[in-house]
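The sequence shown begins at 13 in the numbering used here and counts up by one.
Beta carbons are placed, not taken as given, at the ideal position from N, Cα and C, and that holds for glycine.
Comments concern the structure below.
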Amino acid sequence: MSILFINGSPNKNGNTVRLTKKFLKDQEFKTLNLVDYKIYSYGQNFEDDQLDEVIEQMKKADTIVIGSPLYWHSMSGAIRNILDRFYGYVDESLLQGKDMYFVFQGYAPTKEQLAAGEYTMSRFAKLYGMNYKGMITE
């Protein structure tokens, strides 16, 4: 079983990564740091956009773990951008049957902030046919 961790934090060794490693324990996984990719905003079309590279990695994985720090009361812009770009671009059956987890951490998040993250990611997983396995938080 292959696991892909999509790190939505600009920090490649920060708390989001630490929490993900703790969650995945001794399992082997591949990390994709979104900070290393050019992924433009919804509606922008540039030839050097790398969203398709991210999607290809997601297609290859059996399990997808999406991680985000809690910024400005929500998930990071890098993760939000990926979700926005999927809409109307990615076939809804592309990730069918894959397991998906959401790692969401931040300093003293409120229950409302966590609920909003949980709602967004569970709806994203459902729309694309993934098995949403839940949110991991501190």
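Cut-off 7 Å between Cβ atoms - residues of its own chain near residue i, not counting five sequence neighbours on either side
i    : result
K138 : Y144
Y113 : V77, K145, G146, I148
S105 : G141
K50  : D60, D61, Q62
S134 : Y144
Where residue i falls, given that 16 or more other Cβ within 10 Å makes a residue buried
i    : result
T122 : exposed
A90  : buried
R97  : buried
G20  : buried
G109 : exposed
F153 : This structure leaves residue 153 out entirely; the chain is present only between 13 and 150.
Y140 : buried
G129 : buried
V115 : buried
S88  : buried
Residues of its chain near residue i, where Cβ-Cβ distance is below 8 Å and the 5 sequence neighbours each way are ignored
i    : result
K72  : S14, L16
Q39  : I15
Q125 : L82, H85, S86, G118
L107 : M70, K71, I76, Y140, G141, M142
Beta-bridge partners of residue i, as assigned by DSSP
i    : result
I148 : V115
L16  : K42, I76
S88  : Bridge partners of S88: none, in fact.
Cβ neighbours of residue i in the same chain (closer than 6 Å, five flanking residues each side left out)
i    : result
G118 : P81, L82
I18  : L44, I78
N27  : Q117
For residue j and residue i, believed in contact at Cβ under 8 Å, the rounded distance
i    : j   : result
E150 : L31 : 6 Å
Residue i: CB within 7 Å of a non-hydrogen atom of the ligand HEM
i   : result
T75 : By its list of ligands, the structure shown contains no ligand whatsoever, and the ligand HEM lies outside what it can speak to.
* Asked: Which runs of the beta strand (DSSP E) spanning at least 3 residues fall entirely within the region 27 to 72, listed in chain order?
  -> 42 to 45
* **Contiguous beta strand (DSSP E) assignments of at least 3 residues, all confined to the region 96 to 140** => 111 to 117
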